[in-house]
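In our numbering, the protein residues as written are 216 to 607. Beta carbons: idealized from backbone N, C-alpha and C, even for Gly. This one's a predicted model, so the numbers in the text were calculated from it and none came from an experiment.
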């Protein structure tokens, strides 16, 4: 037992990703994984490299492990798990969001390098990241899904620039990322040219599992249990309608917990996350919104005051105004009420958009679970270049 383990200490013990094979993890089976998670939580140990670098640990690392070269695994996996290097995702574009495969950022081969031009949007935490996972078009003369490749991008390369996106919370966590003749050595290509869409789907499936975490703000904010405990400690609620809403929230939380256990068991058995990731994400996102909506509701008039909490707490040192926040977290009994509750309420609408909109997730479920007809593909048989000319 270590009194205050660092990320390095936890990684050395295999506790950052215990379900991974050695030397990264412990080859933990589902029961072992759950015991580890419970014991770490009981001891008050936070795996900060998981909490603050979810994109690296949860999205980039599994894809690199699956398809990366030996050099890539040796170079990148350990710094991800120890938290020494942070990562961002460079997928969505201003003109390619839900239809991600239509992306237009180009990566043209020039000897031992790729020359990258274009831009990405909604790059969470890119201003703190040392590396990004990037998908770009390497072949415009084939159908859009086939001409995409997957890269690791050092964020300090010449030609990479960021423009901050300040949202209605007044916080800054998103960016638009620009690439102007960025020269990327070919050794940063993950897998083979043209494998990008296949690998992107692996990353996106892991992202949806990650974003379905319990609580608000994709698992980084308070959970239904946090809200219930806080309200109970302040005298509870007597309104029968509000009490019914709390009961429904508890049921949602338990259904999500059991669903995550099922998904975790499948992942630990070596299965790639499938359509269940979309189901979990829809349920988890709606649940996160319900947590924050109920928190504001039970706060009553106090809920209109920036910095107030669900039990009527006033700011008391909370941060307000334009602030750089990268998925803020409270500690103990939420000492910074404003980032946890007020920020979380304003952030909640993003839950059903980020990481794949509800419409996209429901299409996946409709086609792959219910067997409903696929959407009509008006671009079938056309190359990306042909579809882009039609759009322009």
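Element boundaries [beta strand (DSSP E), containing residue i]
i, result
"residue 387", "387–400"
"residue 302", "302–305"
"residue 273", "Segment: none, residue 273 is in no beta strand (DSSP E) and carries neither H nor E."
"residue 316", "Element bounds for residue 316: n/a, residue is neither H nor E."
"residue 380", "375–381"
"residue 352", "346–352"
"residue 336", "328–336"
"residue 369", "363–369"
Residue i burial status per 10 Å Cβ neighbour count (16 or more: buried)
i, result
"residue 491", "buried"
"residue 392", "buried"
"residue 221", "exposed"
"residue 246", "exposed"
"residue 593", "exposed"
"residue 375", "buried"
"residue 286", "exposed"
"residue 519", "exposed"
"residue 574", "exposed"
"residue 256", "exposed"
"residue 608", "Residue 608 lies beyond the range of the chain shown here (216 to 607); nothing can be said about it."
"residue 258", "exposed"
"residue 277", "buried"
"residue 397", "buried"
"residue 453", "exposed"
"residue 271", "buried"
"residue 262", "buried"
"residue 500", "buried"
"residue 231", "buried"
"residue 429", "Residue placement at residue 429 cannot be trusted, given a pLDDT of 49 that sits under 50; what the coordinates show is reported in the next sentence. The residue is buried, with at least 16 neighbouring Cβ atoms inside 10 Å."
"residue 584", "exposed"
"residue 356", "exposed"
"residue 447", "exposed"
"residue 495", "buried"
"residue 437", "buried"
"residue 576", "buried"
"residue 476", "exposed"
"residue 219", "exposed"
"residue 283", "buried"
"residue 210", "Residue 210 lies beyond the stretch modelled for the chain, which goes from 216 to 607, so this question has no answer here."
Residue range of the unbroken alpha helix (DSSP H) whose run includes residue i
i, result
"residue 490", "490–514"
"residue 256", "245–257"
"residue 321", "Premise fails: residue 321 lies in the beta strand (DSSP E), 321–325, not in any alpha helix (DSSP H)."
"residue 558", "558–562"
"residue 580", "573–583"
"residue 587", "No alpha helix (DSSP H) contains residue 587, which DSSP labels as neither H nor E."
"residue 356", "Per DSSP, residue 356 belongs to no alpha helix (DSSP H) and is neither H nor E."
"residue 295", "285–297"
"residue 447", "439–448"
"residue 223", "222–227"
Own chain, CB closer than 6 angstroms to residue i, minus 5 neighbours either side, in chain order
i, result
"residue 378", "391"
"residue 537", "Because the pLDDT of residue 537 is 30, which lies under 50, any placement of that residue in the model is unreliable, and the number read from its coordinates should be weighed accordingly. 385."
"residue 226", "296 and 297"
"residue 511", "518 and 560"
"residue 563", "504 and 507"
"residue 604", "none"
"residue 233", "240, 241, 243, 248 and 251"
"residue 408", "353 and 364"
"residue 320", "333 and 351"
Supposed close pair residue i, residue j - CB separation, criterion 8 angstroms
i, j, result
"residue 331", "residue 399", "6 angstroms"
"residue 363", "residue 312", "Rounded, the Cβ-Cβ distance is 15 angstroms, inconsistent with contact."
"residue 318", "residue 308", "5 angstroms"
"residue 322", "residue 366", "7 angstroms"
"residue 239", "residue 292", "6 angstroms"
"residue 599", "residue 359", "4 angstroms"
Own chain residues within Cβ distance below 8 angstroms of residue i, not counting five before or after
i, result
"residue 587", "581"
"residue 641", "Past the boundaries of the shown model lies residue 641; the chain is included only from 216 to 607, so the question cannot be answered."
"residue 371", "345"
"residue 498", "427, 467, 470, 471 and 474"
"residue 236", "242"
"residue 565", "382"
"residue 361", "354, 409 and 412"
"residue 612", "Since the displayed the chain opens at 216 and closes at 607, residue 612 lies outside it and no answer follows."
Cutoff 7 angstroms; reference residue i; Cβ partners in own chain excluding five residues on either side
i, result
"residue 579", "490 and 493"
"residue 305", "335, 338, 347, 348, 349, 368 and 392"
"residue 401", "327, 328 and 329"
"residue 303", "270, 338, 339, 340, 341, 344 and 347"
"residue 208", "Any property of residue 208 remains undetermined from this structure, which presents the chain solely from 216 to 607."
"residue 314", "none"
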